[in-house]
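See below for the structure under consideration.
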Amino acid sequence: MLSIDTAPDLIIYNAHVLTMVTGQHGAYPQAVAVRHHRIHAIGANGEVLALAGPHTRIIDGAGATLLPGLTDAHIHFGDWSIQLGALQLADTRSKGEMLERLAAHAAATSAGGWIVSRGWNESRWGEVAFPTAAELDSVTGPDRPTLLYRSDMHSAVANSAALRAGGVSASTPDPADGTIDRDAAGAPTGVLREMATFLVWQQVPPATFAQRLAAMRNGTSAMHRLGVTAIHDQRYGGGMEGGEALRAFQTLRRAGDLRLRVNCNVSATDLDHVEALGVESGLGDDRLRLGHVKLFADGSLGSRTAWMLAPFEPMPDDGPHAAPNYGVVVTPPDAMAAIFRRATAAGFPISIHAIGDRANREVLDVFEELAVGGPPVAIPHRIEHVQMLDPADAPRLARLNLTASVQPVHALDDMDTADLLLGTRAATAYTFADLLRHGTRLAFGSDAPVADPNPWLGLHAAVARTRPAEPKRAAWYGDQRIGLMDALRAYTVGPTEAAGWQQTIGTLALGRRADLVLLDRDLLALDAEAIAAGALAQTQVRMTIFDGAVVWEA
Numbered sequence: 006m007l008s009i010d011t012a013p014d015l016i017i018y019n020a021h022v023l024t025m026v027t028g029q030h031g032a033y034p035q036a037v038a039v040r041h042h043r044i045h046a047i048g049a050n051g052e053v054l055a056l057a058g059p060h061t062r063i064i065d066g067a068g069a070t071l072l073p074g075l076t077d078a079h080i081h082f083g084d085w086s087i088q089l090g091a092l093q094l095a096d097t098r099s100k101g102e103m104l105e106r107l108a109a110h111a112a113a114t115s116a117g118g119w120i121v122s123r124g125w126n127e128s129r130w131g132e133v134a135f136p137t138a139a140e141l142d143s144v145t146g147p148d149r150p151t152l153l154y155r156s157d158m159h160s161a162v163a164n165s166a167a168l169r170a171g172g173v174s175a176s177t178p179d180p181a182d183g184t185i186d187r188d189a190a191g192a193p194t195g196v197l198r199e200m201a202t203f204l205v206w207q208q209v210p211p212a213t214f215a216q217r218l219a220a221m222r223n224g225t226s227a228m229h230r231l232g233v234t235a236i237h238d239q240r241y242g243g244g245m246e247g248g249e250a251l252r253a254f255q256t257l258r259r260a261g262d263l264r265l266r267v268n269c270n271v272s273a274t275d276l277d278h279v280e281a282l283g284v285e286s287g288l289g290d291d292r293l294r295l296g297h298v299k300l301f302a303d304g305s306l307g308s309r310t311a312w313m314l315a316p317f318e319p320m321p322d323d324g325p326h327a328a329p330n331y332g333v334v335v336t337p338p339d340a341m342a343a344i345f346r347r348a349t350a351a352g353f354p355i356s357i358h359a360i361g362d363r364a365n366r367e368v369l370d371v372f373e374e375l376a377v378g379g380p381p382v383a384i385p386h387r388i389e390h391v392q393m394l395d396p397a398d399a400p401r402l403a404r405l406n407l408t409a410s411v412q413p414v415h416a417l418d419d420m421d422t423a424d425l426l427l428g429t430r431a432a433t434a435y436t437f438a439d440l441l442r443h444g445t446r447l448a449f450g451s452d453a454p455v456a457d458p459n460p461w462l463g464l465h466a467a468v469a470r471t472r473p474a475e476p477k478r479a480a481w482y483g484d485q486r487i488g489l490m491d492a493l494r495a496y497t498v499g500p501t502e503a504a505g506w507q508q509t510i511g512t513l514a515l516g517r518r519a520d521l522v523l524l525d526r527d528l529l530a531l532d533a534e535a536i537a538a539g540a541l542a543q544t545q546v547r548m549t550i551f552d553g554a555v556v557w558e559a
């Protein structure tokens, strides 16, 4: 029994306490006490309840799981928060349904404003071809600019008005690291891939700062309802989010309204400013601080822009004379190595997006070079997604002490797409079990707004590798399933180690910050059959505690 000789503010008893402390043995604790923002005591019901004072709030856990607050290790928080109030397309089941929803939105909103949304995914519709400008024009008309991003954010479709606003025509050359899809006559189809999307996106009026603040407050509440108390905030290339999101986080922090712990990345496109100002990773406090420098090696699987060792399977819309598609190189290895050296010299570790197996190999090669004579970093370098990994490269992440920042929910979104685009090579996608067997640090996240931020769906994806709506379907490459406790560690301990917060949060230990989540069920009582049927994905959060204060209560 651990305690401090003063009365706690809060006690939760009669719970199944998962401390997530390595090597925890014997009976699980039943109760936790909180005082002054920190874990005050952990032990049996009677021992902890005996500490209560006249003003202690006492909560019966009803036999459910109590564990550390979860961390989303990969989220675009500002952008996701803004999108909570936008047209929602992620759950559309056909192109026709998407167009119907777009038509209703266009009719219900101002006729002069832009329509910007995201979330469509042709693979969920059972299709291969992307939507086109002509199809969007049929419901928006030719004069209302509309830009709709695919779920992976690596492709978008623009209507005719948006293409005109971005200056995209038959004579527009493909930008560096991007592609404008064209018809047989050379005219743009409306589909823009990778950096070509910025030709149009840069014309979209940005949200006001007041709108961004309000959206991020709402986003924080949404995180609390899911049991998330910390995030690793990512950055897109080309200036998306960036400074405005960081400024909003700082405004919320000063006002006492930042009720998330935020490890905030810096885009590699801002590296000149980082060097000029002399700021380093770790600048900030235990609620908001700078983390890694973020850059991109390649594109995405669904957009067929991931950088591959072997080409994608031919698709009907490729055309009869299309060259083999090996994907897109966003940052060539030489440029990648130069950015790695500059960032580490400036005091920042690296966070790099790599999807394809070629991209991951090239990234690992550069990290190998950096490991010889490169400057030490305070927190580990990391690869975001690690989606396709040749088996020969699987042991290299652990050997280099790299964090695999992965999003298990993507496996549910991508399983059909991967089978279609990769054939049997899909066996090398989302190899969480292999990474664990080699001793790799896993940090789980969602990539919202690219995917659903619900961590309980992510846990289901990692443990079951089936869609909850399809419980009878065989697990997709079921040998890559991992155990529930390993998956929970990847939402608690792994992200805190990846951010250098392991002495602050991620485990329930005396003196740690009191970020806790009380659930509506006992997770360890769920057997494989119940998990396959969706019981883990259906988990609800009864209470979320951040820094000792109850911030969500069902």
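Here the numbering used here is used: the first residue of the sequence shown is 6, the next is one more, and so on.
Don't be surprised by glycine CBs; every beta carbon is placed ideally from N, CA and C.
Among the candidates the options, whose CA atom is the shortest distance from the CA of residue i?
i    : options                   : result
D452 : E132, T61 and D418        : D418
D424 : G83, E318 and L489        : E318
P136 : G146, D157, N164 and D362 : N164
L168 : A189, M158 and A201       : A201
D157 : I17, P454 and G74         : P454
G183 : S176, T177, E199 and N365 : E199
L513 : E102, R43 and A32         : R43
E367 : G307, N268 and F301       : F301
Y18  : I63, G28 and A32          : I63
Q627 : S356, G553 and S226       : The first residue shown for the chain is 6 and the last is 559, placing residue 627 beyond what the model contains.
R387 : Y496, A311, P500 and W312 : P500
A215 : A250, I236, A189 and E102 : A250
C269 : Q255, A535, A519 and L15  : Q255
S143 : W125, R106 and P178       : R106
D323 : R187, L375, A351 and R294 : R187
G450 : H465, G444 and D179       : H465
Between the C-alpha atoms of residue i and residue j, what's the straight-line distance to the nearest angstrom?
i    : j    : result
Q392 : G304 : 11 Å
G243 : A273 : Only weak support exists for where G243 lies, its pLDDT of 48 falling under 50; the coordinates are left without a value.
A95  : A69  : 32 Å
R292 : P150 : 39 Å
R230 : V26  : 24 Å
A170 : L197 : 14 Å
L257 : L23  : 31 Å
R98  : L405 : 42 Å
H21  : V53  : 14 Å
A448 : A134 : 33 Å
H415 : I80  : 13 Å
S160 : G195 : 10 Å
A409 : V371 : 16 Å
P400 : S128 : 32 Å
A383 : V333 : 32 Å
G307 : N365 : 17 Å
E558 : V39  : 16 Å
L282 : G379 : 22 Å
F551 : G101 : 43 Å
W130 : T422 : 11 Å
G511 : R446 : 14 Å
A469 : G83  : 30 Å
H237 : Y496 : 12 Å
If we count the other Cβ atoms within 10 Å of its Cβ and call it buried at 16 or more, is residue i buried or exposed?
i    : result
A503 : buried
S174 : exposed
V377 : exposed
P337 : exposed
H41  : exposed
A181 : exposed
P381 : exposed
Q35  : buried
T76  : buried
D484 : exposed
E389 : buried
A544 : Note that residue 544 is Thr in the sequence shown here, rather than Ala. The residue in question, T544, is buried, as its Cβ has 16 or more Cβ neighbours within 10 Å.
W140 : Reading off the sequence shown, one finds Glu at residue 140, where the question assumed Trp. Burial call: buried.
A397 : exposed
Tell me, to the nearest whole angstrom, how far the beta carbon of residue i is from that of residue j; I am working on the premise that it is less than 8 Å.
i    : j    : result
A253 : M221 : 5 Å
S286 : H297 : 7 Å
L276 : R346 : Not really, about 11 Å apart at Cβ, beyond 8 Å.
R472 : A438 : Actually they do not touch by this definition, with Cβ atoms about 19 Å apart.
Cβ pair count under 8 Å reaching 3, the segment 121-134 against the segment 145-162: With the cut-off at 8 Å, the segment 121-134 and the segment 145-162 touch.
With contact counted as at least three CB pairs below 8 Å, one residue from each stretch, are the segment 524-543 and the segment 461-480 in contact? Because the criterion of three Cβ pairs below 8 Å is met, the segment 524-543 and the segment 461-480 touch.
Below 8 Å, can you find three or more Cβ-Cβ pairs linking the segment 431-442 to the segment 202-209? Inter-segment contact for the segment 431-442 and the segment 202-209 is absent: fewer than three beta-carbon pairs are separated by less than 8 Å.
Between the segment 52-63 and the segment 469-481, can you find at least three pairs of beta-carbon atoms closer than 8 Å? Too few Cβ pairs lie closer than 8 Å, so no.
Is the segment 109-117 close to the segment 525-544, with three or more CB pairs under 8 Å? No, the segment 109-117 is not in contact with the segment 525-544.
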